[in-house]
Every structure is written in C-alpha cells, then in structure tokens.
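S.K.:
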Amino acid sequence: MKFSQQWVAFKTIMIREFLRFIRIWVQTIIPPVITMSLYFIIFGQLIGSQIGDIDGYRYMDYIVPGLILMAVITNSYANVVSSFFGSKFHKNIEEMLISPLPNHIILAGYISGGVARGVTVGIAVTAVSMFFSNFQIHSLAITLTVFVLTSILFSIAGLINAAYARSFDDITIIPTFVLTPLTYLGGIFYSIKMLPEFWQTVSLGNPILYMINAFRYGLLGVSDIDISTAFIIILGFIVMLFSFALNLLNRGVGIKP
Numbered sequence: 019m020k021f022s023q024q025w026v027a028f029k030t031i032m033i034r035e036f037l038r039f040i041r042i043w044v045q046t047i048i049p050p051v052i053t054m055s056l057y058f059i060i061f062g063q064l065i066g067s068q069i070g071d072i073d074g075y076r077y078m079d080y081i082v083p084g085l086i087l088m089a090v091i092t093n094s095y096a097n098v099v100s101s102f103f104g105s106k107f108h109k110n111i112e113e114m115l116i117s118p119l120p121n122h123i124i125l126a127g128y129i130s131g132g133v134a135r136g137v138t139v140g141i142a143v144t145a146v147s148m149f150f151s152n153f154q155i156h157s158l159a160i161t162l163t164v165f166v167l168t169s170i171l172f173s174i175a176g177l178i179n180a181a182y183a184r185s186f187d188d189i190t191i192i193p194t195f196v197l198t199p200l201t202y203l204g205g206i207f208y209s210i211k212m213l214p215e216f217w218q219t220v221s222l223g224n225p226i227l228y229m230i231n232a233f234r235y236g237l238l239g240v241s242d243i244d245i246s247t248a249f250i251i252i253l254g255f256i257v258m259l260f261s262f263a264l265n266l267l268n269r270g271v272g273i274k275p
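The sequence shown runs 19 to 275 under the working numbering.
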C-alpha cells in the first residue's frame, strides 16, 4: 500500500476509535472525573490535612500528579482492551487482518484511540484538580511527554490483554489483579523515601513508579527517581510491548481458530 493509503486507513481507525468513546462520554469521561474528585476530597483534603508536607509540598499537591496519571493509565488501557476484544467478538478484526493494510497500522490505529481517551480524561481530571490545588507546572515539555508516552504504553498493554482474552471476564483480570495493585503501589500517595530500605528496593521493580515520578517532576519538580532513568524505562517498555503486540497480530494469536 502507498503511504497515502496507509494514512487514510490509520486516520479512519483513529476517528472510529475516538467516536466510539466520545459518543458515550457520560460513561467514559464523567465517571473517572467523579472518581478522581472523590480521591481529591477524601485523600487530599480530609486525610491530607492531617499529614505533613512531602518534599516541601502540601499532601494534596503531592498526590495530584499521581491521581491524574492514574486516570490516564486506567482509561487508555480500558479503551483499547474493550475495543479490540469487541472487534474480536464481532469478527470485525478479521476483515482488517485479511486486507492489504499492514498490521502496524492497525496496531497504531487502536493505540491512537487509547491515547485519545487517556489524554481526554487526563485533561478533564487536571481541570478538576485546579479546584483543589494551586500547583505550577515545573516543565511543560516533560509533563506532556510523560502524559502521552504513558497513554501509549498502556494502550498497547490493553491490546495485548484483549488478544489473549477469550471472554469478557478475561479483560478484567489484568486490570484487577495486576494493574490496580501496581498503580496504588507506584508512589501515588507516598514517597518511597518514607519506606524501609528493603521496600524501597522492591518498589524499584514497579514500572509505574517511574511514570508517576517523571510526571510529578514535570508538574512539581520533585521525584524519587532519576528522570533520565524514568524515560529509559518508559521508552523501553513501549518498544518491548509494541514489538510483542505486533508479533501477536502477525501470528493471529487469539484471532485465528
């Protein structure tokens, strides 16, 4: 296929994925905003008022970056895992796989939908956070880069989950038993400096820790992790998961009988 044809195909998938979640924005955008607002009120204001400053910032200001990124992570993942599995369930994905369209364009199209939803929800949650926190952005470039890269990473992860899933129940296993624990233990509500040395070392094995700290550095200018290391980890996971997801599509894993 010519590049222009591939671009049209990619744009078509991207627009379809965007319209898929924006049409039902009451179900896809509003619930995470309400959930994060409850986190701001309960953890930030009620509990946070009883907790001292962390790294020179009010507890509310300290947890805001992590809560924003948590919304990005969960919604990027949820969008792709549900969309791709739905395509498998309704047998739509076979039509794309037997077309001349390269698999990497198909993969990029689904990822773009996850990024669109993750970024949309992230912006909405950030807007709400302004009512609770007066933080100033330390580095806009780092903030936006981590914002987008994290959304890309978990969009790919959602597609991998959907490829292996055999029923609708299977698409909730990873978010429930893997993604949620890693997110909550990724330094959203605390600095790993507050942990015993052993648990600090264990926490370094959690990839989400690097994303949250890089995003916190972009917003507040503080981090428990070296920023260069954080970006290397994030980019490394994106390359690894993208290659793995593309291999699954090439082999037809979870699609071919």
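Even glycine gets a Cβ: it sits at the ideal position worked out from N, Cα and C. Predicted, not measured: the structure shown is a model, and the values here were computed from it.
1. Have a look at T194 and D188 and give me their C-alpha separation to the nearest angstrom.
2. Within 10 Å of its beta-carbon, does P118 have 16 or more other beta-carbons around it, so buried, or fewer, so exposed?
3. Going straight from the alpha carbon of Y228 to that of V143, what length do you get?
4. Just verifying my parser: in three-state terms, what is the DSSP assignment at I42?
5. Does DSSP put Y202 in a helix, a strand or coil?
6. Could you spell out where the alpha helix (DSSP H) holding L56 opens and where it closes?
7. Should the segment 223-240 be regarded as contacting the segment 72-88, the criterion being three or more beta carbon pairs within less than 8 Å?
8. Where do the ends of the alpha helix (DSSP H) carrying G132 lie?
9. In its own chain, which residues sit with a C-beta less than 7 Å from the C-beta of N224, not counting the 5 before and 5 after it?
10. At the level of alpha carbons, what is the spacing between I160 and T247?
11. Tell me the rounded alpha-carbon separation between I296 and H108.
12. Which one of I72, I155, I59 and P49 has the shortest CA to CA distance from M212?
13. Identify, in the order they occur along the chain, each residue of the same chain with its Cβ nearer than 7 Å to the Cβ of S105, setting aside the five sequence neighbours on each side.
14. Determine the DSSP secondary structure at Y243, reduced to helix, strand or coil.
M.R.: The answer reads as follows:
1. Their Cα atoms are separated by approximately 10 Å.
2. Per the 10 Å Cβ criterion, exposed.
3. When rounded, the separation of the alpha-carbon atoms in Y228 and V143 is 21 Å.
4. I42 carries a coil assignment under DSSP once its states are collapsed to helix, strand and coil.
5. The answer is helix: DSSP assigns Y202 an H, G or I state.
6. Here the alpha helix (DSSP H) through L56 covers I48 to Y57.
7. Contact holds: three or more Cβ-Cβ distances are below 8 Å.
8. It spans N121 to S147 - the alpha helix (DSSP H) in which G132 sits, taken as one unbroken run.
9. Close CB contacts of N224 within its chain, under the 7 Å cut and outside five residues either way in sequence, are with L200, L203 and G204 (chain order).
10. In a straight line, the C-alpha of I160 is about 13 Å away from that of T247.
11. Here the chain covers residues 19 to 275 and nothing more, so residue 296 does not appear.
12. M212 has its Cα closest to that of I72, out of I72, I155, I59 and P49.
13. I111, listed in sequence order.
14. The sequence shown places Ile at residue 243, rather than the Tyr named in the question. In this structure, I243 counts as coil in the three-state DSSP scheme.
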